[in-house]
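Enquirer: Got a structure here, written out as structure tokens. Questions coming.
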Amino acid sequence: MSTARTNKAVTTAALRKSVIDALDELKAKDVREIDVRGKTSIADLLVIASGTSARHVKSIADEVVKFAKKAGVMPLGVEGEQEAEWVLVDLGDVIVHVMLPRIREFYGLERLWTVGDHEQDVGAASAG
């Protein structure tokens, strides 16, 4: 049997906790979780966080990989480590994006994945 996806013995909730612990450990900034169940079949949860420099972004992503492995989940892939402006860690049910603030602002993943979710929040954000 293939274990390419998240080991089902490790629940999405447990994996989420490992990811959040890793982000806290290396002081990731502006951590945001987006539940994407029902919007896509690629994952259940996106976690987006910022680092203060390319070195910080890479270190945070490395820590996420380390914590996931400790939890029994092998990453399906890690992309962007070379430039380290945006590193994506694919853990199957949870996908982690660690980005520099300017890259995060430019691509606006939060806006992309939450369109229509919080219409009041969008109105308040544009007013401020």
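In this note's numbering, the protein residues as written are 4 to 131. Backbone N, C-alpha and C define an ideal beta-carbon position, used for all residues, glycine too.
(1) Hey, how far is the Cα of Met115 from the Cα of Ala31?
(2) Could you work out which residue in Gly111, Gly41, Val68 is closest to Ala82 when comparing CA atoms only?
(3) Only counting the same chain, and skipping five residues up and downstream in sequence, which positions put a Cβ closer than 6 Å to that of Ile51?
(4) Extract the residue ranges of the alpha helix (DSSP H) inside the stretch 23-81, only unbroken runs of 4 or more that lie entirely within it.
(5) Label Phe109 either buried or exposed according to how many other C-beta atoms from any shown protein chain fall within 10 Å of its C-beta, with 16 as the threshold for buried.
Expert: Here's the rundown:
(1) Taking the sequence shown and counting its residues from 1, the one referred to as residue 115 is at position 112. Taking the sequence shown and counting its residues from 1, the one referred to as residue 31 is at position 28. Per the sequence shown, residue 115 should be read as Leu rather than Met. C-alpha separation (whole angstroms): 21 Å.
(2) One-based indexing of the sequence shown puts residue 82 at position 79. The question names Ala, but residue 82 is Glu in the sequence shown. Nearest option by C-alpha distance: Val68.
(3) By one-based count along the sequence shown, residue 51 stands at place 48. Result list for Ile51: Arg35, His100, Leu112, in chain order.
(4) 57-73
(5) For the purposes of this step, residue 109 is taken as the residue at position 106 of the sequence shown. Exposed, by the Cβ-count rule.
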